[in-house]
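Chemist:
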Amino acid sequence: MIELFSDPAVWASFLTLTILEIVLGVDNVIFISIAAARLPEAQRRRARVLGLAGALVLRIGLLFSIAWIVSLSEPFTTILGHPLSWRDVILLVGGAFLIYKAATEIFAEVEGDSTHGAETSAKATFFGVIVQIIVLDLVFSLDSVITAVGIADHIEVMVAAITIAILLMMVAATPIANFVEHHPSTKMLALAFLVMVGMSLGAEGLGFHIERGFIYAAMVFAGGVEALNLWRQKRRLRVRIAADKVLASEGERAGVMHRH
Numbered sequence: 077m078i079e080l081f082s083d084p085a086v087w088a089s090f091l092t093l094t095i096l097e098i099v100l101g102v103d104n105v106i107f108i109s110i111a112a113a114r115l116p117e118a119q120r121r122r123a124r125v126l127g128l129a130g131a132l133v134l135r136i137g138l139l140f141s142i143a144w145i146v147s148l149s150e151p152f153t154t155i156l157g158h159p160l161s162w163r164d165v166i167l168l169v170g171g172a173f174l175i176y177k178a179a180t181e182i183f184a185e186v187e188g189d190s191t192h193g194a195e196t197s198a199k200a201t202f203f204g205v206i207v208q209i210i211v212l213d214l215v216f217s218l219d220s221v222i223t224a225v226g227i228a229d230h231i232e233v234m235v236a237a238i239t240i241a242i243l244l245m246m247v248a249a250t251p252i253a254n255f256v257e258h259h260p261s262t263k264m265l266a267l268a269f270l271v272m273v274g275m276s277l278g279a280e281g282l283g284f285h286i287e288r289g290f291i292y293a294a295m296v297f298a299g300g301v302e303a304l305n306l307w308r309q310k311r312r313l314r315v316r317i318a319a320d321k322v323l324a325s326e327g328e329r330a331g332v333m334h335r336h
């Protein structure tokens with residue numbers, strides 16, 4: 077155990093794996109933030125922390141069940157010439173659930189008014205949100221653990237990298253959730269991101285591998301465009317406020333001159 081600290085290769089794999097786990101966890105954090113937004117404000121932070129804690133427990137548990145994970149990839153039946161494994165089933169169900177959840181959220185954002193939003197938020201139960209988060213945690217954890225096994229050779233390194241990545245996500249979850257909640261256009265972008273991730277999970281369950289890097293590259297580009305839009309809106313707002321102040325001061329000056 078002690079000799080691991082003096083091995084540069086171990087440190088390199090640890091840093092690489094930590095960064096990859098954070099990147100792979102972005103979609104998990106977005107889903108948790110959006111799912112928790114349906115709860116009363118006092119319960120949201122607790123739901124996010126419990127959701128990410130559940131992800132940590134699941135991933136560490138799966139790491140110690142590597143043999144079982146390998147067995148999940150073994151086909152147990154064939155449908156239309158395509159061998160189907162339990163991992164494929166989990167990815168298909170998880171992808172379909174993610175698409176359904178994102179689509180219903182998009183519908184609520186586009187078609188629902190403020191009253192409808194308040195009603196749906198009130199109907200969301202803490203237990204129901206946690207169950208949804210755990211279901212998606214399991215799907216995202218499979219990708220995370222498979223990545224960890226492919227990069228690091230020591231289970232201690234895998235556990236340490238995953239733990240640090242989850243702790244960093246816990247810190248970032250609240251600012252991300254607040255930003256998404258206060259900027260409706262970024263919330264739509266995040267939901268579109270979840271639809272893309274759901275489609276890629278479903279495609280992988282059907283045997284069509286889609287590099288996640290392509291999805292992240294597209295979302296980074298879209299996020300950059302959205303950042304420019306938000307910057308433009310802020311500049312326009314500042315210009316409008318300055319113009320209103322000028323008009324107000326001119327109105328006051330004109331009123332004073334009229335009285336005299």
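156 is the number that our numbering gives to position 80 of the sequence shown; each next residue is one higher, with no gaps.
In this text, a Cβ means the ideal position worked out from N, Cα and C, and glycines have one as well.
As the structure is a prediction and not an experimental result, all values here were calculated from the model.
Given this structure, state the Cα-to-Cα distance separating Ala123 from Thr94, to the nearest angstrom.
Modeler: The alpha-carbon atoms of Ala123 and Thr94 are separated by roughly 24 Å.
Chemist: On the CB-based measure, 16 or more other CB atoms within 10 Å of its CB, does Asp164 come out buried or exposed?
Modeler: So Asp164 counts as buried.
Chemist: Below 8 Å, how does it come out for the segment 174-187 and the segment 258-271: are there three or more Cβ pairs, yes or no?
Modeler: Segments in contact, yes.
Chemist: Please name the residue in Ile206, Val105, Phe290, Phe90 whose C-alpha comes closest to that of Val247.
Modeler: Of the candidates Ile206, Val105, Phe290, Phe90, the one whose C-alpha sits nearest the C-alpha of Val247 is Val105.
Chemist: In the segment 98-179, which residue ranges form an unbroken beta strand (DSSP E) of at least 3 residues, counting only runs that do not cross its ends?
Modeler: Listed in chain order, the complete beta strand (DSSP E) runs (minimum 3 residues) inside the segment 98-179 are 151-155, 158-161.
Chemist: Hey, could you find the ends of the alpha helix (DSSP H) Ile242 is sitting in?
Modeler: Taken as a continuous stretch (DSSP letters only), the alpha helix (DSSP H) holding Ile242 covers 231-258.
Chemist: Does the segment 205-221 touch the segment 110-117, meaning 3 or more C-beta pairs lie closer than 8 Å?
Modeler: Segments in contact, yes.
Chemist: For Thr201, which of helix, strand or coil comes out of DSSP?
Modeler: DSSP places Thr201 in coil when its eight states are reduced to three.
Chemist: State buried or exposed for Gly101, treating a residue as buried only when at least 16 other CB atoms are found within 10 Å of its CB.
Modeler: It is buried - the Cβ of Gly101 has at least 16 other Cβ atoms within 10 Å.
Chemist: Mind checking Arg312: buried by the 16 CB within 10 Å criterion, or exposed?
Modeler: Answer is exposed; the Cβ neighbour count stays below 16.
Chemist: May I have the straight-line CA-CA distance separating Ile210 from Phe173, to the nearest angstrom?
Modeler: Distance between the alpha carbons of Ile210 and Phe173: 12 Å.
Chemist: In whole angstroms, give me the CA-to-CA distance for Gly300 and Leu128.
Modeler: Rounded to whole angstroms, Gly300 to Leu128 spans 27 Å at the Cα level.
Chemist: For the segment 152-172 and the segment 275-283, state whether three or more C-beta atom pairs, one from each stretch, are separated by less than 8 Å.
Modeler: Output reads yes: the segment 275-283 touches the segment 152-172.
Chemist: Go ahead and label Lys263 buried or exposed: buried means 16 or more other beta carbons lie within 10 angstroms of its beta carbon, across all protein chains shown.
Modeler: Buried, by the Cβ-count rule.
Chemist: With H, G and I counted as helix, E and B as strand and the rest as coil, what does DSSP make of Gly283?
Modeler: In this structure, Gly283 counts as coil in the three-state DSSP scheme.
Chemist: Exposed or buried, which one is Asp219 when buried takes at least 16 other CB atoms within 10 Å?
Modeler: With 16 or more Cβ atoms within 10 Å of its Cβ, Asp219 is classed as buried.
Chemist: So the candidates are His259, Val99, Ala85, Leu134; which of them puts its Cα closest to the Cα of Met295?
Modeler: Measuring from the Cα of Met295, the nearest candidate turns out to be Val99.
Chemist: Exposed or buried, what is Ser217 when buried is set at 16 or more other beta-carbons lying within 10 Å of its beta-carbon?
Modeler: Under this definition Ser217 is a buried residue.
Chemist: Looking only at its own chain, which residues have a Cβ that is under 8 Å from the Cβ of Asp103, when we skip the five neighbours before and after it?
Modeler: Phe216, Phe269, Leu270, Val273, listed in sequence order.
Chemist: Roughly how many angstroms lie between the CA atoms of Gly130 and Leu214, to the nearest whole one?
Modeler: Cα to Cα, the separation comes out at about 9 Å.
Chemist: Anyone know if the C-beta pair for Val256 and Leu139 falls short of 8 Å?
Modeler: No. Outside cutoff.
Chemist: Considering Cα atoms alone, identify which of Phe183, Arg121, Leu115 is closest to Ile252.
Modeler: For Ile252, the nearest C-alpha among the options comes from Arg121.
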